[in-house]
Amino acid sequence: MYRSFFPRDMLAEMDRLQRDMQQAFDLAPTIRGFGSNGFPALNVGVTPEAVEIYAFAPGVDPATLEVNLERGLMMIAGERKSVLPTADAKAAVHINERFDGPFRRMLTLPDDADPEAVDARLRDGVLRITVRRRASAQPRRISIH
Amino acid sequence: MSNDIQTRSTTGASEGTDPKQKSPRYGGGALTPPVDVLEDAGGITLFADLPGVSRDNLNLQVEAETLTIEAESSLAVPDGLKTSHTEVGLGRFRRVFTLSKELDTEKVSAELSQGVLKLRIPKAEHAKPRRIKVEVA
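Those protein sequence lines, which keep their order, are chains R and B.
Take the first sequence: its letters are residues 3 to 147, numbered as in this note's numbering.
Take the second sequence: its letters are residues 613 to 749, numbered as in this note's numbering.
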């Protein structure tokens, strides 16, 4: 377990404590980890017809963005350019909280997700991916004769 | 895009709009957007991540020495969506910064592109750094 070299750094200690707490509550996480604090942040939901994935990726160049779906595993990858000044620029960095660099996130889709019917749109920095669910999995009302 | 900014003085008329009343959808809760703040000789540049926020839903206010960033995400969610995993639980963003005296709050400019807000606050003319010449005695 990671320990701070400077235990007086209260914020880092609190951050670590919070992470430990979160992990302690999730006793059997999936093999792909805890699935939080990653970039882009993900919200996932389902409707009877589709699986909706919202990836919060503000400021990501659409040209670097890549979405793959293979055997029920979706991968979202891309790169966000740093806005920080280069070492030789005469500028000071006061706060640096935003993520930069290449990223890659993966998530498992339900078995009924149809890899042939995927739609992805990027708007205001939110990537919305809609994966249709196969018709056979949609609820059907069985008529009684 | 600097017309989005409302610069108000503290002595101005009282404002009747409480930001909390404008969006009852999320109550008083708001997320703190991550920011980068850089400073060069000419002023301060702030970048804030506001995913899902369009220009109409961004409210920037400079009042005396306080900068307030408030935004609401305009994410369209289909009816009957059952969420199974949530990392962004709120659709509102709010963050407040205290500015310092040498910044020229009249000349703040802002740009919003792909969910990233870029704010430039220049330094007042008199506060720009001058190189002080060292006389050799």
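All C-beta atoms, glycine included, are put in the ideal place defined by N, C-alpha and C.
Closer than 9 Å at the beta carbon, the chain R residues around residue 661 of chain B: Within chain R, the residues near residue 661 of chain B are 58, 60, 61, 99, 100, 101 and 127.
Between residue 78 of chain R and residue 133 of chain R, is the Cβ-Cβ spacing less than 9 Å? no
Beta strand (DSSP E) segments (min. 3 residues) lying fully within the segment 48-79 of chain R: 52-58 and 68-72
Contact set between residue 647 of chain B and chain R, taken where Cβ atoms lie within less than 8 Å: 97, 99 and 100
State yes or no: is the beta carbon of residue 727 of chain B nearer than 9 Å to at least one beta carbon in chain R? Yes, contact with chain R.
So, are the CB atoms of residue 720 of chain B and residue 734 of chain B less than 9 Å apart? yes
Grouping DSSP H, G and I as helix and E and B as strand, with all else coil, what is residue 719 of chain B? helix
Taking 9 Å as the cut-off, decide whether the C-beta atoms of residue 69 of chain R and residue 137 of chain R are in contact. no
Residue 67 of chain R vs residue 129 of chain R beta-carbon contact at 9 Å: Cβ atoms of residue 67 of chain R and residue 129 of chain R: closer than 9 Å.
Cβ pair residue 82 of chain R, residue 102 of chain R closer than 9 Å: yes
Chain R contacts made by the segment 683-696 of chain B, where a contact means CB separation under 7 Å: 687, 690, 692, 693, 694, 695 and 696
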